[in-house]
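Below you'll find the structure, written out as structure tokens, and then a few comments.
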Amino acid sequence: HGRICMLGCLGFWVQEAVHLPLPGFDAKLPLDAFFTVPTSGLWQIFFTLGGIEVLSNGGKITPGDMFADGRSPGDINFDPLNLGGDDAAVRRFELAELKHSRLAMIGLGGLVHQEILTKQATLEQLQS
């Protein structure tokens with residue numbers, strides 16, 4: 116949930132600042148933009164992400180069997196820069212990610228509620 120919220124916060128700000136030059140991509144508020152996506156597009160996203168989830172867990176889809184082989188939650192064996200060379204570094208990065216994830220979950224909730232209450236984009240509200 117934390118990684119998704121980090122990307123969600125980034126998406127809120129990028130969506131406000133960057134628009135594709137096509138019709139239908141001009142919604143200024145992120146929540147308005149979400150509701151302009153066709154239903155088939157939302158299903159496409161849902162099934163793509165579901166497929167990635169199933170494939171990355173080796174077909175194990177319940178929490179009971181996902182971690183039966185000793186893998187810890189969030190560990191998908193992706194370290195292209197070899198930052199986790201020693202255990203102290205791994206623990207430090209895990210703690211940093213946990214702190215950032217918690218802050219992002221709170222922040223995304225704030226972004227959503229701020230937009231619902233003020234009907235104003237975040238960066239626009241900060242500038243005024």
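Residue numbering for the sequence shown follows the working numbering, beginning at 116 and increasing consecutively. All residues carry an ideal CB built from backbone N, CA and C; glycine is no exception. Note that the structure is predicted; figures quoted are calculated from it, not measured.
Starting from residue i and walking both ways along the alpha helix (DSSP H), at which residues does that stretch end?
i, result
"S171", "T154 to S171"
"T237", "T237 to Q242"
"F208", "D202 to T233"
"F127", "G117 to A132"
"G179", "P178 to M181"
"P145", "P145 to F149"
Using a Cβ-Cβ cut-off of 7 Å (strictly less than) and excluding sequence neighbours within five positions of residue i, which residues of its own chain qualify?
i, result
"K143", "E131 and A236"
"K175", "M181"
"H116", "M220"
"R118", "S216"
"V169", "I176"
Leaving aside the five residues before and after residue i along the sequence, list all residues of the same chain whose C-beta is less than 8 Å from its C-beta, in chain order.
i, result
"K234", "L144"
"Q240", "Q229 and T233"
Are the beta-carbon atoms belonging to residue i and residue j less than 9 Å from one another?
i, j, result
"F161", "A148", "no"
"G123", "L213", "no"
"L198", "A204", "yes"
"E209", "G189", "yes"
"W128", "L218", "no"
"I231", "L146", "yes"
Determine the closest residue to residue i out of the options, with distance taken between C-alpha atoms.
i, options, result
"C120", "E168, S216, E239 and Q229", "S216"
"F193", "S171, L125 and L137", "S171"
Looking only at its own chain, which residues have a Cβ that is under 6 Å from the Cβ of residue i, when we skip the five neighbours before and after it?
i, result
"G173", "none"
"G222", "C124"
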